[in-house]
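> Quick note: the sequence shown uses our numbering, first residue 18, plus one each step.
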Amino acid sequence: MRLDKFISTYTQLTRSQAKKDLKKGLIRVNGIVQTDSKFKVNLSDDQVQYQGEKIIVKDNFYYILNKPKGVVTANSDKLYRTVMDLIAKEDFRDDLFAVGRLDKDTTGILIITNNGKFAHNILAPNKHVSKTYQALVTGEITKEETLLFKQGITLKDGTKLKPAELVIESYDEIKDVSNVKIVISEGKYHQIKRMFGALGQRVLELHRLKIGELTLPSTLKSGEYQEVDVATLEKYFPNTM
Numbered sequence: 018m019r020l021d022k023f024i025s026t027y028t029q030l031t032r033s034q035a036k037k038d039l040k041k042g043l044i045r046v047n048g049i050v051q052t053d054s055k056f057k058v059n060l061s062d063d064q065v066q067y068q069g070e071k072i073i074v075k076d077n078f079y080y081i082l083n084k085p086k087g088v089v090t091a092n093s094d095k096l097y098r099t100v101m102d103l104i105a106k107e108d109f110r111d112d113l114f115a116v117g118r119l120d121k122d123t124t125g126i127l128i129i130t131n132n133g134k135f136a137h138n139i140l141a142p143n144k145h146v147s148k149t150y151q152a153l154v155t156g157e158i159t160k161e162e163t164l165l166f167k168q169g170i171t172l173k174d175g176t177k178l179k180p181a182e183l184v185i186e187s188y189d190e191i192k193d194v195s196n197v198k199i200v201i202s203e204g205k206y207h208q209i210k211r212m213f214g215a216l217g218q219r220v221l222e223l224h225r226l227k228i229g230e231l232t233l234p235s236t237l238k239s240g241e242y243q244e245v246d247v248a249t250l251e252k253y254f255p256n257t258m
């Protein structure tokens with residue numbers, strides 16, 4: 018890997034900043050000052066220092082994003098902004114992708130990584146990683162409907178879903194809307210909207226609160242993201258790394 022690319026990949030510096038600091042003699046490779054941006058770095062053997070500090074080589078990156086409305090879960094889109102557009106240039110990598118997806122009008126926690134094995138294990142049905150949502154739906158949800166969720170809803174197309182948890186939190190009689198919490202262990206296309214559609218109701222707002230027990234930090238605003246360390250992910254998702 019070219020030295021300037023190495024520096025921009027594994028530090029907060031942009032490639033242009035890396036080239037400037039190389040010319041200033043701020044970069045050492047195996048203890049020797051290196052000013053050539055085209056110098057080839059051996060990721061296995063070479064040690065690179067920036068201003069005396071060793072640059073740590075990381076293979077995998079993990080972020081949690083507080084997804085806002087109006088943004089699509091995709092790497093690129095011709096019509097809409099994507100979740101990748103929210104990642105700053107210094108953190109962006111071509112191999113990053115979202116783990117699962119949230120609809121354009123759905124908000125909440127989304128994991129972004131470049132670790133395919135981890136993503137597969139989070140999404141794999143046999144791992145039973147739950148997803149918890151807050152929803153505002155039309156009409157009054159009844160206890161009978163919570164039992165239908167517990168038994169496993171059958172969608173309009175005949176698809177039988179796994180048992181899910183539906184908790185009634187409040188009902189606004191004037192607006193005729195219910196505030197509910199849903200916990201599911203699978204992730205079919207538009208699943209929650211289709212679940213309530215099978216009951217004759219419509220989802221007005223949908224927000225994902227948790228993936229497993231991993232939640233958004235209270236300080237993370239809509240559209241913001243932050244890096245998550247491996248130790249935290251191993252705590253919440255054992256045997257997935």
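Every residue gets a Cβ at the ideal spot worked out from N, C-alpha and C, and that includes glycine.
Starting from Tyr27, trace the alpha helix (DSSP H) both ways and give me its first and last residue.
Leu20 to Tyr27
> Contact defined as beta carbons within less than 8 Å: I believe Val194 pairs with Val154. What is the distance between those atoms, to the nearest angstrom?
7 Å
> Which class does Gln151 belong to by DSSP, given the choice of helix, strand or coil?
Three-state DSSP puts Gln151 in a strand.
> Leaving aside the five residues before and after Lys36 along the sequence, list all residues of the same chain whose C-beta is less than 8 Å from its C-beta, in chain order.
Residues Asp21 and Ser54 of the same chain have their beta carbon placed closer than 8 Å to that of Lys36, with the five preceding and five following residues left out of the count.
> Starting from the Cα of Asn59, find the closest Cα among Leu30, Phe23 and Gly87 and give me that residue.
Phe23
> Look at the alpha carbon of Gln51 and the alpha carbon of Val65, and state the distance between them as a whole number of angstroms.
9 Å
> Taking its Cβ as the centre, do 16 or more other Cβ atoms sit within 10 Å of Ala181, making it buried, or is it exposed?
buried
> Could you say which of Ile209, Ile128 and Arg219 lies nearest to Gly117 if we only look at CA atoms?
Measuring C-alpha to C-alpha distances from Gly117 to each of Ile209, Ile128 and Arg219 identifies Ile128 as the nearest.
> Between Asn132 and Glu241, is the Cβ-Cβ spacing less than 8 Å?
Their beta carbons are not under 8 Å apart, which means Asn132 does not touch Glu241 by this criterion.
> To which residues does DSSP link Glu190 through a beta bridge?
Glu190 is not bridged to any residue.
> Assuming Asn138 is part of the alpha helix (DSSP H), what are its boundary residues?
Its alpha helix (DSSP H) spans residues Gly133 to Leu140.
> So, are the CB atoms of Ile126 and Leu113 less than 8 Å apart?
no
> Please state whether DSSP places Val88 in a helix, a strand or coil.
coil
> Taking all protein chains shown into account, do 16 or more other C-beta atoms lie within 10 angstroms of the C-beta of Lys148, making it buried, or fewer, making it exposed?
buried
> If you follow the alpha helix (DSSP H) that Gln34 is in, where does it begin and where does it stop?
Annotation: the continuous alpha helix (DSSP H) that includes Gln34 extends over Arg32 to Lys40.
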